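Protein chains in written order, with this note's numbering: chain D, 19 to 206; chain A, 19 to 206.
Since the structure comes first, as structure tokens, the remarks are kept for the end.
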DNA sequence: ATAATTATTTATCATTTGTTAAAGGATATA
DNA sequence: TATATCCTTTAACAAATGATAAATAATTAT
């Protein structure tokens, strides 16, 4: 059984038939560091399960600056949601920060399975719920504290992740410049 | 037929039986200006359709300041999503800024209808998709421009709404203080 | 209408953050 | 090892924003 199937089975109980049909649709792909899994203007046709590596989910804003929605690490699901739902070109990119192995299912296959199996429809609902609540939390986090507090909080809650991302990327995630982040770090 | 039912029928085609069962579950409520439809620490048990009025969806951040997710106006769906999904107390409030009339369906009723009718399950999927993509857009908007540009943009795209909300609320929505917004307005 | 309350603007000063440039470290490549 | 490249820090200055208080305008209540 694929890791993706195993992962979702622990979240939503899938009946045997639904599970095996889901598992059959899973494909695997590998990427080198610095490659786009979803590039600008492409259509995101899949939901991905991240087996290995780390991914930066971001866009370039009106001032030409990089804004990071979030990072994804092992054992997480991701997709460029707006593009995935409407199957139209995305402005939101998925870039590998390390060598990456993913498993994925296409929207078409997932839609077909949703129509066929109620348990997979429930899985789909769960994945959308997580996408929505994660964005709500991300927005709240960004609006909740001054940047120094956001930095301290990030270090506390993501000590492992700190070792895998650059301070430049962290600054963008926190919504400040790298110079500003250096100042915050120096001020301790 | 309730306005809520009519509204969703235009988005997702519901078979006759699903539609009438959905319609039977809809309830109505009225609120005066300045009342909470969802108050802090309460559990949000419903999805609402806003028939009349305007609502502020917000929370109080770690520094004690009000942060506005968004405003809702007539003919829109809303719920305090995290609380609704997990049925746990919310930190996100829904406050009426005008007299309000809503129609709503409970989570329990909706879940039952989802299990029974695939078309309603699709409706549920649609509503979650919108919640997620709306938050993605809101986040992007907030991170895309300097505050003066965000203000100009808001005025352009929400000229009707401008007449119904206070500048203090608008400032909070834009992520700045009211004093700062006054400066931006004066600088024109 | 008058008073009281609330909303908005203006002014002043302090703080934060951005910008630019340069310097120092670290890492990768030949 | 030496060189080049990338990442991070530091410094100096400018711009934006916050905090506070006071003044003005608008709204609500008596």
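Every residue gets a Cβ at the ideal spot worked out from N, C-alpha and C, and that includes glycine.
Just so you know, these numbers come straight off a predicted model, no measurement behind them.
Residue 131 of chain D is a Cβ neighbour of residue 39 of chain D, given a cutoff of 8 Å.
In this chain, the beta strand (DSSP E) harbouring residue 94 of chain D covers 94 to 96. For residue 82 of chain D, the closest Cβ of chain A is not nearer than 8 Å.
Within 7 Å of the CB of residue 161 of chain D, the CB atoms of chain A belong to 79, 85 and 193, in sequence order along the chain. Contact of residue 100 of chain A with chain D is assigned, a C-beta pair being separated by under 8 Å.
Interface residue (Cβ-Cβ distance to chain D less than 8 Å): residue 111 of chain A is not classified as such. The contact set of residue 150 of chain D on chain A, defined by CB atoms closer than 7 Å, consists of 99, 146, 149, 150 and 153 in chain order. No Cβ-Cβ contact shorter than 8 Å links residue 86 of chain D with residue 153 of chain A. If you draw a straight line from the Cα of residue 183 of chain D to the Cα of residue 159 of chain D, it is about 19 Å long. Nearest neighbour of residue 20 of chain A by Cα position, chosen from A:164, A:36, A:35 and A:45, turns out to be A:45.
Around the CB of residue 33 of chain D, fewer than 16 other CB atoms lie within 10 Å, so the residue is classed as exposed. Secondary-structure assignment with DSSP links residue 84 of chain A through a beta bridge to A:78.
Residues are counted here when their Cβ sits less than 9 Å from a Cβ of chain D; for the region 45 to 56 of chain A the count is zero.
The C-beta of residue 133 of chain D comes closer than 8 Å to at least one C-beta of chain A. By the criterion of a C-beta distance shorter than 8 Å, residue 156 of chain A is surrounded in its chain by 87 and 88, once the five residues flanking it on both sides are discounted.
Using a C-beta cut-off of 8 Å, the region 164 to 174 of chain D makes no contact with the region 51 to 65 of chain D, since fewer than three inter-stretch Cβ pairs fall below that distance.
Residue 142 of chain D belongs to the set of residues whose beta carbon lies under 8 Å from a beta carbon in chain A.
In the DSSP annotation of this structure, the continuous segment of the beta strand (DSSP E) that includes residue 47 of chain D starts and ends at 45 to 49. Counting along the chain, residue 162 of chain D sits inside the alpha helix (DSSP H) bounded by residues 136 to 162. Judged by their CB atoms, residue 145 of chain A and residue 65 of chain A are nearer to each other than the 8 Å cut-off. Ranking D:106, D:91 and D:135 by CA distance to the CA of residue 115 of chain D puts D:91 first. In the DSSP assignment, residue 55 of chain D falls outside any alpha helix (DSSP H) and within the unbroken beta strand (DSSP E) covering 54 to 56. Between residue 138 of chain A and chain D, the shortest Cβ-Cβ separation is not below 8 Å.
If you draw a straight line from the Cα of residue 71 of chain A to the Cα of residue 196 of chain A, it comes to about 24 Å.
Residue 120 of chain D has D:47 and D:68 as its beta-bridge partners, per DSSP. Close to residue 158 of chain A, with beta-carbon spacing below 7 Å, are these residues of chain D in chain order: 77. For residue 103 of chain D, at least one C-beta of chain A is nearer than 8 Å to its own C-beta. Residue pairing by DSSP places residue 114 of chain A opposite A:73 in a beta bridge. Here residue 24 of chain D is exposed. Its C-beta has fewer than 16 other C-beta atoms within 10 Å.
DSSP places residue 199 of chain A in the uninterrupted alpha helix (DSSP H) bounded by 196 to 204. Residue 89 of chain D is bridged by DSSP to D:74. The beta carbons of residue 106 of chain A and residue 78 of chain A sit no closer together than 8 Å. Apart from the 5 residues on each side of it in sequence, residue 141 of chain D sits with its Cβ closer than 6 Å to the Cβ of 26 and 30 in its chain, given in chain order. If the five residues before and after residue 98 of chain D are omitted, its C-beta is found closer than 6 Å to the C-beta atoms of 56, 62, 108 and 110, all from its own chain and listed in chain order. Closest in alpha carbon position to residue 120 of chain A, among A:82, A:67, A:76 and A:112, is A:67.
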